[in-house]
Structure formats: C-alpha cells, structure tokens
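> Can you keep this structure in mind? I'll have questions shortly.
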C-alpha cells in the first residue's frame, strides 16, 4: 500500500486497536480471489499478532491458500472532503480514511481450534448469546461446525495508513465542524 511517511501509522497498539474495532476484513489470496470475513486478532501468541477467522467449506478460497502468503485488509470509516468546506481557496477534494494491510501465511485450524475461534467471535459481538442454549443448542452448533473451515494468518508484516486531511492544512468552515 502506498503510504507517505506523513500518513504512516507505526504504533502497534493503535494498529491492533483499529483491527479490533473494524474487524470485518477482506482476505485476498495469491491468485487474487477475495472474501469478506469477520476476524479475531490474537495479540498474545506472536509479536506481530495472529488473525483468526472462518469461512464456509463451500468457498473454494480455503483450498488454495493453506501455507500461502495472503493479504488481509481492514478499513474503518471513510469520507469525502469537499474543497468548499475549507475557509480558504484554492483547494481540491480529498478522501479521509484509515486502512491496515496485514500480510502473513495461512494455516488451517483443527476442529477444536475452530470451536475456540467461533466462541471468541460470538463472545466479542454478542456475549450474552453463549448462555442462551435454547437459541444455540450444542447439537446445532456441532452440525454448523462441520460446514465451515477455520484458519489463522500469522502476521509477518503490516502497513497502516491514516489519511485524515494531512495534505490540506487549512481550517474547516465552522458549519462543517458543527455537523
């Protein structure tokens, strides 16, 4: 990802917090096939972190990427910035955004590891659901687990960029600041 020094994020905690906050990512295989998937970031297992996710067995992507290097992309909120919003001219439009690219090698998970990842995903997004056995009975969960593949990406490299109007260093009109 092209990242000028003025837009580069290098604080690992900030980058990891961003991935946790915007954890619905895009994984891209070496052959440029891609899938949008929910991720859990394991900060404790490696100095660079490990991304954990799953996909349906029907998705052919998992068959091509085991042991291969892939790209996982996480993007937060983004917005167009009009040049009319600035108090001075000339100006040009820009786009504000933050993005993190993680590169790493994929390993498939065992069924036991997959169960841990699925429990972690449910706990992250709806913690009270795990106690509601009438909604998610164990036999139902076991059946669903047979239809999905779990995987992990050991992060080898990450690039993080925050483009928040750093090129245009002008005050924004008061009306725009208020909403």
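Numbering (our numbering), first residue to last: 1329 to 1507.
The beta carbon of each residue, even a glycine, is placed where N, CA and C say it ideally should be.
No experiment lies behind these values; they were computed from the predicted model shown.
If I'm right that residue 1404 touches residue 1426 with Cβ under 8 Å, what's the distance once you round it to whole angstroms?
Sequence index remark: in the chain shown, residue 1404 carries index 76 (1-based). Sequence index remark: in the chain shown, residue 1426 carries index 98 (1-based). About 5 Å; that satisfies the 8 Å criterion.
> Take residue 1445 and list the residues in its own chain whose beta-carbon comes closer than 7 Å to its own, dropping the five residues that flank it on each side.
Residue 1445 sits at position 117 when you count from the first residue of the chain shown. 1368, 1380, 1382, 1437, 1478, listed in sequence order.
> Count the other CB atoms within 10 Å of the CB of residue 1475; is the residue buried (16 or more) or exposed (fewer)?
Locating residue 1475 in the chain shown gives position 147, where the first residue counts as 1. Under this definition residue 1475 is an exposed residue.
> Just to confirm before moving on: does the CB-CB distance between residue 1352 and residue 1364 stay below 8 Å?
Translated into positions along the chain shown, residue 1352 becomes position 24. Translated into positions along the chain shown, residue 1364 becomes position 36. Result yes, Cβ atoms of residue 1352 and residue 1364 sit closer than 8 Å.
> Who are the near neighbours of residue 1493 in its chain, counting only those whose CB is closer than 7 Å to its CB and skipping five residues on each side?
As a first step, residue 1493 is located in the chain shown; it is residue number 165 there, counting from the start. Cβ within range, chain order: 1409, 1422, 1424.
> Can you give the Cα-Cα distance for residue 1396 and residue 1413, rounded to whole angstroms?
Translated into the one-based positions of the chain shown, residue 1396 becomes position 68. Translated into the one-based positions of the chain shown, residue 1413 becomes position 85. Cα to Cα, the separation comes out at about 46 Å.
> Look at the Cβ atom of residue 1458, then the Cβ atom of residue 1331, and state whether they are nearer than 8 Å.
Your numbering for residue 1458 matches position 130 in the chain shown. Your numbering for residue 1331 matches position 3 in the chain shown. No, they are not a contact pair.
> Could you name the residues that DSSP lists as bridge partners for residue 1400?
Indexing the chain shown from 1 puts residue 1400 at position 72. 1355, 1430, per the DSSP bridge assignment.
> May I ask you to report which of helix, strand or coil DSSP gives residue 1490?
Numbered from its first residue, the chain shown carries residue 1490 at position 162. The answer is strand: DSSP assigns residue 1490 an E or B state.
> Output yes or no for whether 8 Å exceeds the beta carbon distance between residue 1392 and residue 1435.
As a position in the chain shown, residue 1392 is number 64, starting the count at 1. As a position in the chain shown, residue 1435 is number 107, starting the count at 1. No, the Cβ-Cβ distance between residue 1392 and residue 1435 is not below 8 Å.
> Excluding sequence positions up to five away, which residues of its chain have a Cβ less than 6 Å from the Cβ of residue 1411?
For this step, residue 1411 is matched to residue 83 along the chain shown. The residues are 1419, 1420, 1421.
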